[in-house]
Structures are given as C-alpha cells and as structure tokens.
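Here's the structure, in structure tokens; my notes come after.
Pasting the structure below:
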C-alpha cells in the first residue's frame, strides 16, 4: 500500500492547488518549474529579483529548438509575502545555498518538504542550517538545460529526476505525476548519487579545463584515459560510503558521451563562458574531502579541483 499523501496529513484543503516554490530559476530550476507548472493541481511560485510573466520552455532537437511554450507561474520578490508552502525546490548553485536563509527561514516554509536539486553528494549537509534532515529530499537531475534569459529555458538533453525510495521521495513523484517531468524513485539512492558525482567529476571538470564539448571526452583517447582515472577514484571513495559503483562505469559513461551532439555543453562550461563562479567545490572538491577523511588517494580529482579553482572566473578565495 502506498504511503499517505503528505498534503492530506498537512491539512491541505481537498481540490485546492498544492503550492511549490522554486528557488533558483536558472537552467535546471527553470526546467523543473516549467514542467511542474503544467499541472493545474499545482501553484508554482518562483523566487525572482523582478516580475516575470511565466516560464518559457523549449526543447532542442536535431534540427533546432522546438516552438517555445510559456506556462504561468507566480513570481515572488519578497520572502515575507509567501503563502504557506508544501514543497520548496532548491535549484540554486551550491555556493549560493548560504543566501537562502531569507526564504527558508520564513513561516511559510516551516512545514514544507525541500527537494534539493543541486550538484554533489552533500545535499542534507547544505540544508542543515535551514531545515530538519527529515524534510530534505536529495535529488539527482539528469536533464540538460540552458538558460536563455529571465524565465527562458531550453532543454538540451532528455533526462529525469531521481529521488530516494522513502515517503518524501514518493510524495514528490506523485506531485510530478500529472506533468511531463519524469521522476524515478530509486531504492539504492546512495549508489545513484555517487554515480551522478562520477558523471559530474568527469563531464563538468574536463570539459571546462579543456574548453571542449562533452562528446569529445569520449572521442579522444587521451581524455578517455584521464576520465577513467577520475572514475576509478570516485568508485574507491564511494565504497567508503557503502556505495558500490560498477567496474564498467567509465567505459559506459564515455561511450554515452561520445554519442552526444556537438552542441551539448556541461553546466560548468556554460559558467566559464558566462563569467560565473564554478561549482567545483561541490563536485571534485567534495570527492577530495571524503577521500581525505577516509585516507583514499585521489590525485586526479585533487588536480582537477586545483585547476578549476585557478580557472574559475570568480574565485572563492582571491589571492592576496
């Protein structure tokens, strides 16, 4: 028997729209918000610096982008004006998490579940200042997307959202069921999370360091060798967190990358060319932290982290 709907437990009026707040309406946040807003059963609110009429969404295909579709959302500029919420989707850059206190500290979010659609493996740790861990739902997002302007998103790769197989994860899956957002409930979520980290350590790090499309990582022998070394480090570190990643992970990942269109670029590569700060601390940096804690050697990941810190257009700690 499926677990009861949390909206009923929270006293949600039958038939009334369920309120969802999106924090971080960039590429991924905009995509998630636009997909969720397809459902008439949801009232999607978007934290915004200025008012937007809606979220405009299109898909990239072999012959170009599909006609854009605009879905209505409610922009919110002032956190104090928020109504009571059932869900908050956090899709900001990881380094912007500390700035979310004004939103996550309001009475409107006090009972809300928080879907953390960010990179890395430290989702609950990042939310610890704002919410009890039982309200936090870590999510793995495999969609590819680009932000084209305020409220305008293009999906560049098909994908899905993976959530843990617990009551909160299943509730989010129910929430998204009437929409085109694909949500998969995963039993071994820890392994899935570390698998996604492997994709990010390779895909984001190497495409940014080399300034190349993702598919080149699978097509150039030298880059395949470096990528394989990075994946081996991820597998070794993941094992210390009771996550077993398959030995063929590097080969299958790189073959997948090799088949990508030339137009697919990593999110960190997009940050490089937009002059934005990198998220390497939450990706290869997180791997290095766990490796040190468990006395696992990770020299390739350390080198990637150091190179990305040097290349980042906005550095976390400017040189004296």
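Numbering (UniProt numbering), first residue to last: 1 to 320.
No residue lacks a Cβ here, since even glycine has one placed at the ideal position from N, Cα and C.
- Pairwise C-beta distances place the stretch 170-180 out of contact with the stretch 93-105, as fewer than three of them are shorter than 8 Å.
- No Cβ-Cβ contact shorter than 8 Å links residue 284 with residue 249.
- Membership of residue 155 in the beta strand (DSSP E) is indicated by the continuous run 152-157.
- For the pair residue 167 and residue 50, the Cα-to-Cα distance works out to about 35 Å.
- Residue 295 is classed as exposed because its beta carbon has fewer than 16 other beta carbons within 10 Å across all chains shown.
- Straight-line measurement puts the Cα of residue 153 at about 14 Å from the Cα of residue 61.
- Counting C-beta atoms within 10 angstroms of its own C-beta, residue 54 has 16 or more neighbours from the protein chains shown and is therefore classed as buried.
- Note that the C-beta distance between residue 114 and residue 141 is not below 8 Å.
- If you draw a 10 Å sphere on the C-beta of residue 102, you find fewer than 16 other C-beta atoms in it, and that means exposed.
- The three-state reading of DSSP puts residue 145 in strand, counting E and B together.
- Of all alpha-carbon atoms in 239, 120, 72 and 52, the one lying nearest the alpha-carbon of residue 43 is that of 72.
- The DSSP assignment places 42-47, 55-61, 69-71, 74-76, 87-90, 113-116, 136-138, 144-149 and 152-157 as complete runs of the beta strand (DSSP E) inside the UniProt domain "Ketopantoate reductase N-terminal" (20-163), in order along the chain (cut-off: 3 residues).
- With a cutoff of 8 Å on beta-carbon distance, residue 47 and residue 76 are scored as near each other.
- The C-alpha of residue 22 is placed about 13 Å away from the C-alpha of residue 108.
- For the pair residue 300 and residue 246, the Cα-to-Cα distance works out to about 20 Å.
- When DSSP states are grouped into helix, strand and coil, residue 185 belongs to the strand group.
- For residue 160 against residue 183, the beta-carbon gap comes to about 7 Å, under 8 Å, which counts as contact.
- Taking C-alpha positions only, residue 121 is separated from residue 68 by approximately 33 Å.
- Bounds of any alpha helix (DSSP H) do not take in residue 211, whose DSSP letter is neither H nor E.
- Taking residue 83 as the centre and dropping the five residues before and after it, the same chain places the C-beta of 19 and 108 closer than 7 Å to its C-beta, in chain order.
- Of all C-beta pairs linking the stretch 261-269 to the stretch 206-216, three or more are shorter than 8 Å, placing the two stretches in contact.
- In the three-state scheme derived from DSSP, where H, G and I count as helix and E and B as strand, residue 18 is classed as strand.
- Taking a 10 Å sphere around the C-beta of residue 293, we find fewer than 16 other C-beta atoms and assign the residue as exposed.
- Following the DSSP letters along the chain, one finds residue 267 inside the alpha helix (DSSP H) bounded by residues 267-274.
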